[in-house]
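Asks:
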Amino acid sequence: MAGITSTTVVPVKLKASHFFSNKLSIPHSLNLQSSPSFTLPSHATVRYGVNLRPSAYGGGGNFRRAPPEKDADDGQALDLSTLSSNTVRLIDQSQNMVGVVSLDQAIRMAEDAELDLVIVSAEADPPVVRIMNYSKYRYELQKKKRDQQKKSAASRMDLKELKMGYNIDQHDYSVRLKAARKFLSDGDKVKVIVNLKGREKEFRNNAIELIRRFQNDVGKLATEEAKNFRDKNIFITLIPNKTEVQKPQETPTKAATDEVSVSVEA
Numbered sequence: 001m002a003g004i005t006s007t008t009v010v011p012v013k014l015k016a017s018h019f020f021s022n023k024l025s026i027p028h029s030l031n032l033q034s035s036p037s038f039t040l041p042s043h044a045t046v047r048y049g050v051n052l053r054p055s056a057y058g059g060g061g062n063f064r065r066a067p068p069e070k071d072a073d074d075g076q077a078l079d080l081s082t083l084s085s086n087t088v089r090l091i092d093q094s095q096n097m098v099g100v101v102s103l104d105q106a107i108r109m110a111e112d113a114e115l116d117l118v119i120v121s122a123e124a125d126p127p128v129v130r131i132m133n134y135s136k137y138r139y140e141l142q143k144k145k146r147d148q149q150k151k152s153a154a155s156r157m158d159l160k161e162l163k164m165g166y167n168i169d170q171h172d173y174s175v176r177l178k179a180a181r182k183f184l185s186d187g188d189k190v191k192v193i194v195n196l197k198g199r200e201k202e203f204r205n206n207a208i209e210l211i212r213r214f215q216n217d218v219g220k221l222a223t224e225e226a227k228n229f230r231d232k233n234i235f236i237t238l239i240p241n242k243t244e245v246q247k248p249q250e251t252p253t254k255a256a257t258d259e260v261s262v263s264v265e266a
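The sequence shown runs contiguously to residue 266 in UniProt numbering.
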């Protein structure tokens, strides 16, 4: 080691490695702080290999596959140091049950396959582990989660509110009707509200007729979900008719637009 010299020679034993030509094995009794140290020739290079590193949890200097970088969701799935047992129940990369083997043997099999050894159940007796490409597994899991979130968002209905006065003019009525059709075509609910203030309660029947006319003009594009014709805020909630919404919509002609009318008067 650089900066440490000694006149005492400590033997270095070389063993055959299953993934490199040689590896270094230092006797456990050697204390680098109290015992004389050793030096390596300047041309000697020690490598751990692709994603491999020395065991940090025993095994007599065996080399173990370094787990990929973990995020918060990984937990202890790759931390083999949490296993108290020297034997494990192994599932191979083809999802076949290998059976009970030593932990070191399971690690060697994962290294030979250039894959990761992942803890499936640390509480089992013996613990269950599996050989797999953990990075790929995490990617596919996250992709599946994103797809599910997209489907959930697509199926979720937002509630859109359209407010009108009982004596709304034709132009404003047409604007709200067009907006309602668009919302329903996009898969959203539409709540049509007519507010009656003070003496306007006398025109309750006019407001109800207006809402019914609006519902009829929307047509088969929506079905009624809820309504309230008793309070001062009269409303009806329309939900998309999936059968109609999924049909290709024809471009409305100007003549069809002109047919929209409001005959409710104050």
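Glycine included, each C-beta is placed from N, C-alpha and C at the ideal position.
Within this structure, are the beta carbons of I91 and V98 separated by less than 8 Å?
Replies: Yes, the pair counts as a contact, with Cβ atoms nearer than the cut-off.
Asks: Could you work out which residue in I131, V118 and E224 is closest to K191 when comparing CA atoms only?
Replies: The shortest C-alpha separation from K191 is found at E224.
Asks: Return yes when the C-beta of K201 is under 7 Å from any heavy atom of the ligand GDP, and no when it is not.
Replies: Questions concerning the ligand GDP fall outside what the structure shown contains, since it holds no ligand whatsoever.
Asks: Please report the distance separating the alpha-carbon of D125 from that of I239.
Replies: Cα-Cα distance, rounded: 54 Å.
Asks: Quick one: is R156 buried, meaning 16 or more other Cβ sit within 10 Å of its Cβ, or exposed?
Replies: Exposed is the call here.
Asks: Does the Cβ of V100 have 16 or more other Cβ atoms within 10 Å, making it buried, or fewer, making it exposed?
Replies: Exposed, because fewer than 16 other Cβ atoms sit within 10 Å of the Cβ of V100.
Asks: Suppose only complete runs of 3+ residues qualify. What are the beta strand (DSSP E) ranges in the region 116–185, listed by chain order?
Replies: Counting whole runs of 3 or more residues, the region 116–185 contains the beta strand (DSSP E) stretches 116–121, 128–132 and 159–164.
Asks: Residues in its own chain within less than 6 Å of K227 by CB, not counting five upstream and five downstream?
Replies: For K227, where only same-chain residues beyond five positions count, the Cβ hits under 6 Å are I236.
Asks: Identify, in the order they occur along the chain, each residue of the same chain with its Cβ nearer than 7 Å to the Cβ of F229, setting aside the five sequence neighbours on each side.
Replies: Excluding sequence neighbours, F229 sits near I208.
Asks: Looking at K163 and I193, is the spacing between their C-beta atoms short of 8 Å?
Replies: Against a cut-off of 8 Å, the Cβ pair of K163 and I193 comes out as a contact.
Asks: Measure the CB-CB distance between D116 and L78 and report whether it falls below 8 Å.
Replies: Result yes, Cβ atoms of D116 and L78 sit closer than 8 Å.
Asks: Between the alpha carbons of K145 and V120, how many angstroms are there, rounded?
Replies: About 20 Å.
Asks: I'd like to know whether the C-beta atoms of D188 and D231 end up nearer to each other than 8 Å.
Replies: Not a contact, by the Cβ cut-off of 8 Å.
Asks: Just grab the DSSP bridge partners of M109 for me.
Replies: According to DSSP, M109 bridges with nothing at all.
Asks: Cutting at 8 Å between CB atoms, please list the residues of its own chain near A110, excluding the five before and the five after it.
Replies: Cβ neighbours of A110 beyond the five flanking positions: R65, D116, L117 and I131.
Asks: According to DSSP, simplified to helix, strand and coil, what is R53?
Replies: At R53, the pLDDT of 43 sits below 50, so the modelled position is not reliable and the matter cannot be decided from this model.
Asks: Please classify S139: is it buried, with 16 or more other beta-carbons within 10 angstroms of its beta-carbon, or exposed?
Replies: Note that residue 139 is Tyr in the sequence shown here, rather than Ser. Looking at its Cβ environment, which holds fewer than 16 other Cβ atoms inside 10 Å, Y139 is exposed.
Asks: Candidates V88, S185 and F203: which alpha carbon is nearest V129's?
Replies: The residue with the shortest Cα to Cα distance from V129 is V88.
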